[in-house]
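These notes concern the structure reproduced below.
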Amino acid sequence: EIEIPTYVINHRSFNSRREFELTLKQTIDSMDPNLVILAGFMRILGSDLIEYYLGRMLNIHPSLLPNYPGLNTHARVLNDGVKEHGATVHFVTPKLDAGPIILQNRIPVEQADTVDTLAERVHQGEYEIYPRAISWFAAGRLKLVGNAVYLDGNQI
Ligand code: NHR
C-alpha cells in the first residue's frame, strides 16, 4: 500500500492568478518532484510557471492535437462530424495545448456516439498512453530538447 500526499489549492481563495501560481509552485517544489503531470487541470498557467517546469511537466488533452485545443473537445468533434478522435500526451509549454507531442491514442467516432460515450472511450485510451509516457520519463528515456521530443535518444 502506498500513501500519496495530497494538497488542495483552491484558485478561488487567491486574488490573482500570480498569487495562486506562486502557492502552487511552492507546494509542488516542497515535494521536489522529477515530473509534474496535469490530469484534468483546468486553469491556464502563466508562462513563468510553465518556463520553470519546462521539460518536466506533462499534460494529457482529450483530442488529437493539434486538432481541437481548448475546452469541450468531444462536443466539438461530434458537431463537426469528424471520424477520428482521441487523446494526446504532450510537454506543457506557454502556448495552450501546443507543446511538443509525445504520444497519441486514436479512436473511431461511431454514428451513435454522444459526448458521454465518446468521453468514456477517450478515457480508456488515456489510461494506456499517460502511464506509458510517464514511465518513459521516469526511466530517463524521454526528453524535451528545444521543441523536439527524444525517446531513447531518437527524435520522435
Ligand atoms: N497552461 C499552459 N500555459 N499551457 C498549456 O498547454 C496548458 C496550460 C494549462 C492547462 C490543460 C488544457 C487541456 O488539456 C492545460 C494546458 C484549461 C483551459 C482553459 O481554458 C484550456 C486548456 C487546458 C485547460 N481554462 C480556463 C481558464 O481561464 C478555465 C476553464 C474552466 O474553469 O472551466 O483558465 O485542455
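In terms of the numbering used here, the sequence shown opens at residue 7 and continues consecutively. Cβ atoms here follow ideal geometry from the backbone N, Cα and C, with glycine treated the same way.
Asked	Found
Mind checking whether residue 131 and residue 93 have CB atoms under 8 Å apart?	yes
Assign residue 96 to one of two classes, buried (16 or more other C-beta atoms within 10 Å of its C-beta) or exposed (fewer than that).	buried
Can you give, in chain order, each stretch of the beta strand (DSSP E) that sits fully within the stretch 16 to 48 and has at least 3 residues?	42 to 44
Would residue 128 and residue 68 qualify as a contact pair, given that the criterion is a beta-carbon distance under 8 Å?	yes
So, under 8 Å CB-CB, residue 142 and residue 157 are touching, yes? Tell me the CB distance rounded to an integer number of Å.	6 Å
Under the rule that 16 or more other beta-carbon atoms within 10 Å means buried, what is residue 77, buried or exposed?	exposed
With distances taken from CA atoms, which of 17, 48, 31, 133 is nearest residue 112?	133
Which residue comes first and which comes last in the alpha helix (DSSP H) that contains residue 128?	121 to 144
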